[in-house]
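These notes are about the structure you will find just below.
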Amino acid sequence: MSEPIGSGVSYFDYNATAPIRPEALAAVVEAMQSVGNASSMHHPGRQAADRVDAARRQLASLIGCSPGEIIFTSGATEANNLALRAAFTAGSPLVTSFVEHPAVLETARAVTAGSPEDLVLLPVGGDGLVELDALDQVFAVRNGGVVSLMAANNETGVLTDLRVVAKAAREAGALVHTDATQIIGRLPVDVAELDVDLLSLSAHKFGGPQGVGALYVRRGSPLPHRPLLVGGGQERGWRAGTLNVAGIIGMGAAAEVAARRLGEEVERVAALRDRLERLVVGALPGCRINGRRDQRLPGVASITFPGVPADAVLAAMPDVAASEGSACASGAPTPSHVLLAMGLSREDAESTIRFSLGYATTEAEVEHAAQAIKRAVAQVRAALAEADGPC
Ligand code: PMP
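Per our numbering, the very first residue in the sequence shown carries number 5; after that it's consecutive.
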């Protein structure tokens, strides 16, 4: 058998994707060894449907909703598309922010293409917090529509106070959507407490398989029925297509484990992240941590190494897997739109690495990464000094 991808590497890219939890893997394998379309009426079909129902309950319990409020999708990208297409109506505002994931930003641009004046982008401060006061200014002149703000930023981990968002939106008669992809399974989330109408999530960020996710739709939300996929009418007509039974069962198992271990994992991961930041900043004076320190996900460290290009540092430490900006943007020649929106210069944005930790990160990996980062930065600085030096 070939070596598993990622072995021998200290993995610091949980925000791109988390390793699958053993319980989720076992559930996926078992499900894939069974036959049954959850829409079939015979015994194997009913068994598949029962297990999908159980996974729906597990996921609902993780976010505090009822199982009937969940629509299974292929991931958060699809959930975001579905949410914004349903919630937006031309002539009323679609309010989002400059630091959203492209799965929201591009969808927002696409749905408002015929009425670009409806798209309102909120700015962020230097600490990465979305400027929520700007919501009042928007609603002072326009009412209704939809507000879509991410619960936690994928690059900095900075959190949005969704209760403040929901309050302002309710007073203006607007719907609330949140892209909660990065927060689910990493911090406690209760949709009723947050008072949102729509919430997107993705299994592979909390230890489930890739290619499966969900959209929560609050029961009774005044939402027109605008599916992206029509066909066999699955998911109450919201999302046609044969259900990804194994993926859904794997997501349910991951949700169940995440819910059970959340309290312990939050503390442990935050302590490891803090240790990584202390070791790196202590050894490399001048480097800076991005994002509001006391309002972040426990597992994210976004660190700028001024004057040292991130791609060169990453290449100099191949046994540490971390990201330059976000994975979705990597490969693209433009620097992170999130860091630029926070006011970083292009050069500083290109000298920033995101380390994201999670449930399986160990202290040994943190120690190893800190040493590797120190060595890699020194190596890149030396190479730059040599290149700049007299010839
Ligand atoms: N939103 C955010 C905030 C994300 O971080 C991601 C994944 N990088 C997505 C949406 C897209 O999720 P998926 O991979 O499930 O389509």
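Glycine included, each C-beta is placed from N, C-alpha and C at the ideal position.
**Prompt:** Is the stretch 61 to 73 in contact with the stretch 274 to 284, if contact means three or more CB pairs nearer than 8 Å?
**Reply:** no
**Prompt:** Where does Glu328 sit, in a helix, a strand or coil, going by DSSP?
**Reply:** What you label residue 328 is simply residue 324 of the sequence shown in a count that begins at 1. Glu328: strand per DSSP, three-state reduction.
**Prompt:** Is it true that the CB of Gly251 sits closer than 8 Å to the CB of Val215?
**Reply:** As a first step, residue 215 must be located in the sequence shown, where it is residue number 211. As a first step, residue 251 must be located in the sequence shown, where it is residue number 247. Checking the displayed sequence, the identity of residue 215 turns out to be Gly instead of Val. Contact: yes.
**Message:** Tell me the residue span of the beta strand (DSSP E) that contains Val270.
**Reply:** For the purposes of this step, residue 270 is taken as residue 266 along the sequence shown, with counting starting at 1. From DSSP, Val270 is part of no beta strand (DSSP E) but of the alpha helix (DSSP H) over Val249 to Ala287.
**Request:** Could you tell me if Met45 is buried or exposed, where buried requires 16 or more neighbouring beta carbons within 10 angstroms of its beta carbon?
**Result:** One-based indexing of the sequence shown puts residue 45 at position 41. Exposed: under 16 other Cβ atoms inside 10 Å.
**Asked** Is the beta carbon of Ala368 sitting closer than 8 Å to the one on Val13?
**Response** Here residue 368 refers to the residue found at position 364 of the sequence shown. Here residue 13 refers to the residue found at position 9 of the sequence shown. No; because the gap between Cβ atoms is not below 8 Å, this pair is not in contact.
**Message:** Can you tell me whether Thr356 is buried or exposed? The criterion is at least 16 other CB atoms within 10 Å of its CB, across all chains shown.
**Reply:** Within the sequence shown, numbered from 1, the residue matching residue 356 stands at position 352. When all chains shown are included, Thr356 counts as buried.
**Request:** Take Val168 as the anchor and find which of Val180, Thr160 and Val162 has the nearest alpha-carbon.
**Result:** Within the sequence shown, numbered from 1, the residue matching residue 168 stands at position 164. When each option's Cα is compared against that of Val168, the closest is Val180.
**Asked** Taking the runs of the beta strand (DSSP E) that are 3 residues or longer, which of them lie wholly in the stretch 8 to 78?
**Response** 74 to 77
**Prompt:** Any idea if Arg300 is buried or exposed, counting beta-carbon neighbours within 10 angstroms, 16 or more meaning buried?
**Reply:** Walking along the sequence shown from the start, residue 300 turns up at place 296. With 16 or more other Cβ atoms within 10 Å, it is buried.
**Asked** Where in the stretch 205 to 247 do unbroken runs of the beta strand (DSSP E), each at least 3 residues long, occur, reported from the N-terminal end onward?
**Response** 217 to 221
**Asked** CB-CB under 7 Å to Ala314, same chain, minus the five flanking residues each way: which ones, in chain order?
**Response** Within the sequence shown, the letter at position 310 stands for residue 314. Result list for Ala314: Glu328, Glu354, Ser355, Thr356 and Ile357, in chain order.
**Request:** Kindly identify the DSSP beta-bridge partner or partners of Val180.
**Result:** Indexing the sequence shown from 1 puts residue 180 at position 176. Bridge partners of Val180: Val151.
**Asked** Apart from the five residues on each side of it in sequence, which residues of its chain come closer than 7 Å, Cβ to Cβ, to Arg296?
**Response** Taking the first residue of the sequence shown as position 1, residue 296 is located at position 292. Excluding positions up to five away in sequence, the list reads Asp131, Gly132, Leu133 and Val162.
**Item:** Residue burial classification, Asp17 (beta-carbon count within 10 angstroms, cutoff 16)
**Value:** Taking the first residue of the sequence shown as position 1, residue 17 is located at position 13. Flag for Asp17 reads buried.
**Asked** Would Ala170 pass as a contact of Leu203 if the rule is Cβ separation under 8 Å?
**Response** Stepping through the sequence shown from its first residue, residue 170 is reached at position 166. Stepping through the sequence shown from its first residue, residue 203 is reached at position 199. No, they are not a contact pair.
**Request:** Please indicate yes or no: does the CB of Met154 lie closer than 7 Å to some heavy atom of the ligand PMP?
**Result:** The residue labelled residue 154 in the question sits at position 150 within the sequence shown. Yes; taking the cut-off as 7 Å, the Cβ of Met154 has a heavy atom of the ligand PMP nearer than that.
**Request:** Just mark Asp122 as buried or exposed, buried being the case when its beta carbon has 16 or more other beta carbons within 10 Å.
**Result:** Position 118 of the sequence shown, counting from 1, holds the residue named residue 122. Buried, because 16 or more other Cβ atoms sit within 10 Å of the Cβ of Asp122.
**Message:** In this structure, how does DSSP classify Ala316 when only helix, strand and coil are distinguished?
**Reply:** As a position in the sequence shown, residue 316 is number 312, starting the count at 1. Three-state DSSP puts Ala316 in a helix.
**Prompt:** In chain order, what residues of the same chain have a beta carbon less than 7 Å from the beta carbon of Pro228, not counting five sequence neighbours either side?
**Reply:** Against the sequence shown, residue 228 aligns to sequence position 224. Cβ neighbours of Pro228 beyond the five flanking positions: Ala90.
**Message:** Going by the DSSP bridge assignment, what does Arg292 pair with across the sheet?
**Reply:** Here residue 292 is taken as the residue at index 288 of the sequence shown, counted from 1. Paired residue(s): Thr308.
**Asked** Is Phe1 helix, strand or coil by DSSP?
**Response** Nothing in the structure corresponds to residue 1, since the chain is present only between 5 and 395.
**Item:** Run of the beta strand (DSSP E) containing Leu163, from where it starts to where it stops
**Value:** Locating residue 163 in the sequence shown gives position 159, where the first residue counts as 1. Run containing Leu163: none; DSSP gives neither H nor E here.
**Message:** Can you list, in chain order, the residues of its chain with a C-beta nearer than 8 Å to that of Leu166? Leave out the 5 residues immediately preceding and following it.
**Reply:** To locate residue 166, count along the sequence shown from 1; it is residue 162. Hits under 8 Å: Leu153, Ala155, Val180, Thr182, Leu198, Asp199 and Val200.
**Request:** Determine, using beta carbons only, whether Val304 and Val381 come nearer to each other than 8 Å.
**Result:** The residue given as residue 304 occupies position 300 in the sequence shown. The residue given as residue 381 occupies position 377 in the sequence shown. Contact: no.
**Prompt:** Under the three-state reduction of DSSP, which class applies to Val193: helix, strand or coil?
**Reply:** Taking the sequence shown and counting its residues from 1, one reaches residue 193 at position 189. In the structure shown, Val193 sits in coil (DSSP, three-state: anything other than H, G, I, E or B).
**Prompt:** Of all the options Gly245, Leu266, Pro231 and Gly241, which has the alpha carbon lying nearest to the alpha carbon of Phe210?
**Reply:** On the sequence shown, position 206 is the one that residue 210 refers to. Residue Leu266 is the option with its Cα nearest to Phe210.
**Message:** Within a Cβ cutoff of 6 Å, which residues of the same chain sit near Ala173, ignoring the five residues on either side of it in sequence?
**Reply:** Here residue 173 refers to the residue found at position 169 when the sequence shown is read from its first residue. So the qualifying residues of the chain are Val151 and Val180.
**Message:** Beta-carbon within less than 8 Å of Arg223's beta-carbon, same chain only, minus the 5 sequence neighbours each way: which residues are those?
**Reply:** Residue mapping note: residue 223 aligns to position 219 of the sequence shown, counting from 1. The answer, listed in chain order, is Ser70, Gly72 and Glu73.
**Request:** Check whether the Cβ of Gln62 lies closer than 7 Å to any heavy atom of the ligand PMP, and answer yes or no.
**Result:** On the sequence shown, position 58 is the one that residue 62 refers to. For the ligand PMP, not one heavy atom lies less than 7 Å from the Cβ of Gln62.
**Prompt:** What residue from Ala287, Leu126, Ser96 and Gly212 has the CA that sits closest to Val32's CA?
**Reply:** Within the sequence shown, residue 32 is the residue found at index 28, counting from 1. That would be Gly212, whose Cα lies nearest to the Cα of Val32.
**Request:** Give a single yes or no on whether Asn248 has its beta carbon closer than 7 Å to a heavy atom of the ligand PMP.
**Result:** Residue mapping note: residue 248 aligns to position 244 of the sequence shown, counting from 1. Asn248 Cβ: outside cutoff for every heavy atom of the ligand PMP.
**Asked** When every heavy atom of the ligand PMP is checked, does at least one fall within less than 7 Å of the C-beta of Gly251?
**Response** For the purposes of this step, residue 251 is taken as the residue at position 247 of the sequence shown. No, the Cβ of Gly251 stays beyond 7 Å of every heavy atom of the ligand PMP.
**Prompt:** Where do the N-terminal and C-terminal ends of the alpha helix (DSSP H) with Thr111 fall, by residue?
**Reply:** Position 107 of the sequence shown holds residue 111. Unbroken alpha helix (DSSP H) run through Thr111: Pro106 to Val115.
**Prompt:** With DSSP run on the structure shown, which of helix, strand or coil describes Leu136?
**Reply:** As a working note, residue 136 is residue 132 in the sequence shown. Three-state DSSP puts Leu136 in coil, outside helix and strand.
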